[in-house]
Each structure stands twice: as C-alpha cells, then as structure tokens.
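All you need for the working numbering is the position in the sequence shown, starting with 1, plus 5. The C-beta atom is built at its ideal place from N, Cα and C for all residues, glycine as well. For reference, the structure discussed in these notes is given below.
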Amino acid sequence: MTRRGSQAAEERGYLMTGADLLGGNDRRRWWPLERDPMPLESSEPGAFVAGDLRHGSVKRVASAVGEGAMAIQLVHRYLATRGK
Numbered sequence: 006m007t008r009r010g011s012q013a014a015e016e017r018g019y020l021m022t023g024a025d026l027l028g029g030n031d032r033r034r035w036w037p038l039e040r041d042p043m044p045l046e047s048s049e050p051g052a053f054v055a056g057d058l059r060h061g062s063v064k065r066v067a068s069a070v071g072e073g074a075m076a077i078q079l080v081h082r083y084l085a086t087r088g089k
C-alpha cells in the first residue's frame, strides 16, 4: 500500500477500505484506531468510500449505487458512536 493524499491506496491509486486496511504486519500504519474499520471506511476514520474509487469494487453503476446506500447507513452508525 501507499498514500494517495491522506488516504491509504493500492498501487493503481484505488483507495483501501475496511478489512483491507488491516493486512500486513504493520496494522497501525494504515488504521489509527483500536476498533476495526467498518466496511467501506477509508484510512481516515469516518470517511467512507464507494464505487469506482474503492479498491476491489466491481466498477459498475448498480454496484456503486448499492455501495453508496450502504455508506449512508455506515455514516449514521459512525455518527451514533461519536455521540457516546
């Protein structure tokens, strides 16, 4: 992995998300929190990535729409944890 701006990315520039951030021996290099990242969560906690920008995505419109809907639910879950 490498950096694309402040985000962890793979060699072609697609952003890494979720469990893909935890690979390798140096977990804290790409994920700063004690909890595991949520699905679609980028290396910036609370920032979610969907569609063609995400590593491992199918690169189809219908998939991107579905991931976008999922990201909205994950944002709500993330914000709910911030209030505690």
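My output table needs one value for residue i: the three-state DSSP class, helix, strand or coil.
i, result
"Arg59", "strand"
"Ala24", "helix"
When the Cα of residue i is compared with those of the options, which residue comes out closest?
i, options, result
"Gly10", "Leu79, Val80, Trp35, Arg40", "Trp35"
"Arg17", "Leu27, Met6, Pro44, Ala76", "Met6"
Between residue i and chain D, is there a C-beta pair that is closer than 7 Å?
i, result
"Gly23", "Of the protein chains in this structure there is only one, and it is not chain D."
Note down, in chain order, each residue of its chain lying with its Cβ closer than 7 Å to the Cβ of residue i, except the 5 sequence neighbours on either side.
i, result
"Gln12", "Leu20, Ser47, Ser48, Glu49"
"Val80", "Phe53"
Can you name the start and end residues of the beta strand (DSSP E) that residue i belongs to?
i, result
"Arg40", "Taken as a continuous stretch (DSSP letters only), Arg40 belongs to no beta strand (DSSP E), as it is neither H nor E."
"Arg82", "Looking at the DSSP string, Arg82 is not in any beta strand (DSSP E); the run it does join, the alpha helix (DSSP H), is 66-87."
"Arg17", "No beta strand (DSSP E) holds Arg17; DSSP gives it neither H nor E."
Just to confirm my understanding: we take residue i, look at its own chain, exclude 5 residues before and 5 after, and list those with CB closer than 6 Å. What are they?
i, result
"Pro42", "Gly23, Leu26, Trp36"
"Leu38", "Pro50"
Excluding the five sequence neighbours on either side, which residues of its own chain have a C-beta within less than 8 Å of the C-beta of residue i, listed in chain order?
i, result
"Ala52", "Gln12, Glu46"
"Glu72", "Leu45, Ala55, Gly56, Arg59, Ser62"
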